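**Student:** Submitted below is the structure of interest, expressed as structure tokens.
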Amino acid sequence: MTTVPISNIRNFSIVAHIDHGKSTLADRLIQMTGGLTDREMAGKEQVLDSMDIERERGITIKAQTVRLAYHAKDGKDYIFNLMDTPGHVDFAYEVSRSLAACEGSLLVVDASQGVEAQTLANVYQALDNNHEIVPVLNKVDLPAAEPEKIKQQIEDVIGIDASDAVMISAKTGLGVPDVLEAIVTRLPPPKGDRDATLKALLVDSWYDVYLGVVVLIRVVDGVMKKNQRIRMMGTGAAYDVERVGFFTPKMEQVDELGPGEIGFITAAIKEVADTRVGDTITDDRKPVTEMLPGFKPAIPVVFCGLFPADANDFETLRGAMGKLRLNDASFSYEMETSAALGFGFRCGFLGLLHLEIIQERLSREFDLNLIATAPSVIYKMHLTDGQEISIHNPVDMPDVVKIADIEEPWIEATILTPDEYLGSVLKLCQDRRGAQKELTYVGSRAMVKYDLPLNEVVFDFYDRLKSVSKGYASFDYHLTDYKVADLVKMQILVNNEPVDALSMLVHRTRAEGRGRAMVEKMKELIPPHMFQIPIQAAIGGKVIARETVRALRKDVTAKCYGGDITRKRKLLEKQKEGKKKMRQFGKVDIPQEAFIAALKVDS
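Residue numbers (the working numbering): 1477 to 2079.
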């Protein structure tokens, strides 16, 4: 393949809200530039979504890259490097690193739905990276499409000129050639010096069974060659490059990658943990002095315990976690034990969708049956002796007497909702201890900004928001700061024994409601034993809710025919004594379903 001058390279990403047709547009661009033949495309929608789970849910989780060759109307040959990025809030770190490797973005907006919360979040990220933005209105062939209205909306809400937005239908291919021309004429070429020392940005990395770690890079200056010795500046490790190439989406090998190009290298790297995303790669013999501005490492926000339902699966789970960690640097875990659930792991995630995806991948790819404890967030505790500790597992909480105050994380949420659901959305946010910041209108839709405590959001806020708005509201958030709160540790006691997997930190005002809901749920789920079982929710020594599971009763008087009542009474007294003794030593079996259901309960 002939080398193309840097002025003929275009690196761009596609940013959009979930389901606005980002991956479908990527498919059409690949098809029209001949990246894949129609036969290879056949039967496969969303070519770049390689995981089964991405296909099923119709979302993109991992950012993917593809290189396309395009012969433009001006008679020149161009190279396009397209980054397909996720649209979901939990994967914002995937978006940020993809955007840093590009110079421009196509902003895809659904011509019938308009601007959504995530559209905003992703566009602002693109603008932070100084991107040139080309608005594209998708789905203009739908009867409900209102392109003129949406153009106005893009200008009002985002503040970018949309008068010359490209009108397309990614599904039918209508208008897609105009997108290719707009990329050539409206997006800037990359800058870079071929003769300078090698400087490349590590965009992403994943594990391949045959090649080891595959590293996705964007060359900024210099040339990345085969057999060159490179150094990762963040970790200080040096490697010999074995393969250099790019994706068309198939892997193609080349001898070198020049400035402005995006491609991959392999260098016998054993673990993905050795390749930090956002790191600078340079020549080992004459390294550059300054690193590229790296990304912030992904910081886990939500924590939960994952335990195997069958204790014998623990080693399988450990291996599976290690493998997932290979491909997902933002997922962290450490071992923990629980009296009720045995050995397991305490895991950190970027958000609830991330948690759900990891859980699903564990059960699907490794055939594991898992129990997850209630999700919790990181709390900061100031102790009376002046220490400050961070806690994400309620079990580790120190004695109440030693705590001066507890701070919890707060977020700023942006919610876009059709007008008719505004009332129920506001009520939901109020119920979750939220404070309204602003309320504005975008056409016929309301945009609300709320300050909310994160621990109220991680529980099931997203599901509730979708149900009160019939699925029309969209939601995006970012962490703001920590604030002092009146939080208490609530424990669930079964037969006077605390069940550690069910203890949680809740706000004092919500404790009673949540406690009552949990004990009622547990009462339905714990099967009757031969003795009575009290189920209590307690804060410290104070019980705030209680239910009792009735005892099973064996008919001990069945063999008495006739005779005196005293014979029956004697047998019943004997039974009563036995039960009393049993209750002292009896062990309660809590079925797995009870845990899972109790953890899902919400007030």
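C-beta atoms are modelled at their ideal positions from N, C-alpha and C, and glycine is treated no differently. Predicted, not measured: the structure shown is a model, and the values here were computed from it.
Contact defined as beta carbons within less than 8 Å: I believe Ile-1490 pairs with Val-1584. What is the distance between those atoms, to the nearest angstrom?
**Tutor:** Counting from one through the sequence shown, the residue named residue 1490 turns up at place 14. Counting from one through the sequence shown, the residue named residue 1584 turns up at place 108. Yes, Ile-1490 and Val-1584 are in contact; Cβ-Cβ is about 6 Å, under 8 Å.
**Student:** Compute the Euclidean distance between the alpha carbons of Tyr-1546 and Tyr-1554, then round it to the nearest angstrom.
**Tutor:** By 1-based counting over the sequence shown, the position of residue 1546 is 70. By 1-based counting over the sequence shown, the position of residue 1554 is 78. Distance between the alpha carbons of Tyr-1546 and Tyr-1554: 5 Å.
**Student:** State the Cα-Cα distance for the pair Lys-1702 and Ala-1577, rounded to the nearest angstrom.
**Tutor:** Looking up residue 1702 in the sequence shown gives position 226. Looking up residue 1577 in the sequence shown gives position 101. Looking at the two C-alpha atoms, the distance is approximately 21 Å.
**Student:** Since Leu-1505 is in the alpha helix (DSSP H), which residue starts that stretch and which ends it?
**Tutor:** As a position in the sequence shown, residue 1505 is number 29, starting the count at 1. For Leu-1505, the enclosing alpha helix (DSSP H) covers residues 1498-1508.
**Student:** Going by other Cβ atoms of all chains shown within 10 Å of its Cβ, with 16 needed for buried, is Asp-1843 buried or exposed?
**Tutor:** Mapped onto the sequence shown, residue 1843 falls at position 367. Exposed, since its Cβ has fewer than 16 Cβ neighbours within 10 Å.
**Student:** Give the secondary structure of Asn-1853 by DSSP, where H, G and I count as helix, E and B as strand, and everything else as coil.
**Tutor:** Counted from its first residue, the sequence shown places residue 1853 at position 377. Before going further, note that residue 1853 is Val rather than Asn in the sequence given. Of the three classes helix, strand and coil, the one that applies to Val-1853 here is strand, per DSSP.
**Student:** Residues in the same chain with beta-carbon distance under 6 Å from Glu-1988, minus the five sequence neighbours each way, listed in chain order, please.
**Tutor:** Counted from its first residue, the sequence shown places residue 1988 at position 512. So the list reads Ile-2020, once near-sequence residues are dropped.
**Student:** Using only alpha-carbon positions, find the residue among Ile-1867, Thr-1758, Ala-1880 that is nearest to Asp-1861.
**Tutor:** For the purposes of this step, residue 1861 is taken as residue 385 along the sequence shown, with counting starting at 1. The shortest C-alpha separation from Asp-1861 is found at Ala-1880.
**Student:** Roughly how many angstroms separate the alpha carbons of Glu-1836 and Leu-1829, rounded to a whole number?
**Tutor:** By one-based count along the sequence shown, residue 1836 stands at place 360. By one-based count along the sequence shown, residue 1829 stands at place 353. About 10 Å.
**Student:** What distance in whole Å lies between the Cβ atoms of Ala-1714 and Arg-2080, which are believed to be in contact at a cut-off of 8 Å?
**Tutor:** Lying outside 1477 to 2079, the shown extent of the chain, residue 2080 is not represented and no answer is given.
**Student:** Helix, strand or coil: how does DSSP classify Arg-1662 here?
**Tutor:** Counted from its first residue, the sequence shown places residue 1662 at position 186. Arg-1662 falls in the helix class under three-state DSSP.
**Student:** Roughly how many angstroms separate the alpha carbons of Gly-1649 and Val-1610, rounded to a whole number?
**Tutor:** The residue given as residue 1649 occupies position 173 in the sequence shown. The residue given as residue 1610 occupies position 134 in the sequence shown. In a straight line, the C-alpha of Gly-1649 is about 18 Å away from that of Val-1610.
**Student:** When you compare only the Cα positions, how much space is there between Ser-1943 and His-1493?
**Tutor:** Reading the sequence shown from its first residue, position 467 is the one you call residue 1943. Reading the sequence shown from its first residue, position 17 is the one you call residue 1493. When rounded, the distance between both Cα atoms is 19 Å.
**Student:** List the endpoints of the continuous beta strand (DSSP E) containing Ile-1775.
**Tutor:** As a first step, residue 1775 is located in the sequence shown; it is residue number 299 there, counting from the start. For Ile-1775, no beta strand (DSSP E) segment is defined, and its DSSP state is neither H nor E.
**Student:** Can you give me the Cβ contacts of Glu-1631 inside the same chain, cut-off strictly under 7 Å, excluding the 5 residues immediately before and after it?
**Tutor:** Here the question's residue 1631 lines up with position 155 in the sequence shown. These residues qualify, in order along the chain: Asp-1637, Ala-1638.
**Student:** Which residues in the same chain as Ser-1920 place their Cβ atom closer than 8 Å to its Cβ, once the five residues preceding and following it in sequence are excluded?
**Tutor:** Here residue 1920 is taken as the residue at index 444 of the sequence shown, counted from 1. These residues qualify, in order along the chain: Pro-1894, Asp-1895.
**Student:** Under a three-way DSSP split, which group does Asn-1972 fall into?
**Tutor:** The sequence position of residue 1972 within the sequence shown is 496, counting from 1. If DSSP states are grouped into helix, strand and coil, Asn-1972 belongs with coil.
**Student:** State yes or no: is the C-beta of Ser-1814 within less than 9 Å of the C-beta of Val-1778?
**Tutor:** Taking the sequence shown and counting its residues from 1, the one referred to as residue 1814 is at position 338. Taking the sequence shown and counting its residues from 1, the one referred to as residue 1778 is at position 302. The answer is no: Cβ separation not under 9 Å.
**Student:** Answer yes or no: do Val-2025 and Pro-2003 have a C-beta to C-beta separation smaller than 9 Å?
**Tutor:** Within the sequence shown, the letter at position 549 stands for residue 2025. Within the sequence shown, the letter at position 527 stands for residue 2003. Yes.
**Student:** Look at the alpha carbon of Leu-1846 and the alpha carbon of Ala-1785, and state the distance between them as a whole number of angstroms.
**Tutor:** What you label residue 1846 is simply residue 370 of the sequence shown in a count that begins at 1. What you label residue 1785 is simply residue 309 of the sequence shown in a count that begins at 1. Going from the Cα of Leu-1846 to the Cα of Ala-1785 covers about 5 Å.
**Student:** Exposed or buried, Pro-1481, counting other C-beta atoms within 10 Å across all chains shown (16 or more means buried)?
**Tutor:** Here the question's residue 1481 lines up with position 5 in the sequence shown. By the 16-neighbour rule on beta-carbons within 10 angstroms, Pro-1481 is exposed.
**Student:** Residues in its own chain within less than 6 Å of Arg-1984 by CB, not counting five upstream and five downstream?
**Tutor:** By one-based count along the sequence shown, residue 1984 stands at place 508. Only Asp-1962, Val-1964 meet the Cβ criterion.
**Student:** Measure from the alpha carbon of Ser-1866 to the alpha carbon of each residue in Ala-1850, Pro-1885, Ala-1848, then state which is nearest.
**Tutor:** Your numbering for residue 1866 matches position 390 in the sequence shown. Just measuring C-alpha positions, the residue of Ala-1850, Pro-1885, Ala-1848 sitting nearest Ser-1866 is Pro-1885.
**Student:** Extract the residue ranges of the alpha helix (DSSP H) inside the region 1918-1985, only unbroken runs of 4 or more that lie entirely within it.
**Tutor:** 1930-1944
**Student:** For the putative contact between Thr-1758 and Ile-1706, defined by C-beta atoms under 8 Å, what is the C-beta separation to the nearest angstrom?
**Tutor:** Numbered from 1 along the sequence shown, position 282 holds the residue referred to as residue 1758. Numbered from 1 along the sequence shown, position 230 holds the residue referred to as residue 1706. With 8 Å as the limit, Thr-1758 and Ile-1706 qualify as a contact, their Cβ atoms being about 7 Å apart.
**Student:** Sorted by chain position, which residues of the same chain lie with C-beta nearer than 6 Å to Glu-1622's C-beta, five sequence neighbours on each side aside?
**Tutor:** For this step, residue 1622 is matched to residue 146 along the sequence shown. Answer for Glu-1622: no residue qualifies.
**Student:** Among Glu-2023, Glu-1747, Gln-2051, whose alpha-carbon lies nearest the alpha-carbon of Val-1685?
**Tutor:** Taking the first residue of the sequence shown as 1, we reach residue 1685 at position 209. For Val-1685, the nearest C-alpha among the options comes from Glu-1747.
**Student:** Using the Cα positions of Ile-2011 and Met-1857, report the straight-line distance between them to the nearest angstrom.
**Tutor:** Residue numbering aside, residue 2011 sits at position 535 when the sequence shown is read from its first letter. Residue numbering aside, residue 1857 sits at position 381 when the sequence shown is read from its first letter. Cα to Cα, the separation comes out at about 29 Å.
**Student:** Kindly provide the ranges of any beta strand (DSSP E) runs that are 3 or more residues long and lie completely inside the region 1627-1696, ordered along the chain.
**Tutor:** 1675-1684
**Student:** DSSP puts Ser-1489 in a beta bridge; with which residues?
**Tutor:** For this step, residue 1489 is matched to residue 13 along the sequence shown. Bridge pairing for Ser-1489: Met-1559, Ser-1581 [DSSP].
**Student:** Note down, in chain order, each residue of its chain lying with its Cβ closer than 7 Å to the Cβ of Lys-1549, except the 5 sequence neighbours on either side.
**Tutor:** For this step, residue 1549 is matched to residue 73 along the sequence shown. So the qualifying residues of the chain are Glu-1657.
**Student:** For Lys-1498, which of Gln-2051, Leu-1558, Asp-1640 has the nearest alpha-carbon?
**Tutor:** For the purposes of this step, residue 1498 is identified with residue 22 of the sequence shown, where counting begins at 1. That would be Leu-1558, whose Cα lies nearest to the Cα of Lys-1498.
**Student:** Identify whether Ile-1867 lies in helix, strand or coil by the three-state DSSP scheme.
**Tutor:** Position 391 of the sequence shown holds residue 1867. Strand at Ile-1867.
**Student:** Check for me: the beta strand (DSSP E) holding Cys-1823 runs from which residue to which?
**Tutor:** Along the sequence shown, one-based indexing puts residue 1823 at 347. Note, Cys-1823: beta strand (DSSP E), 1818-1825.
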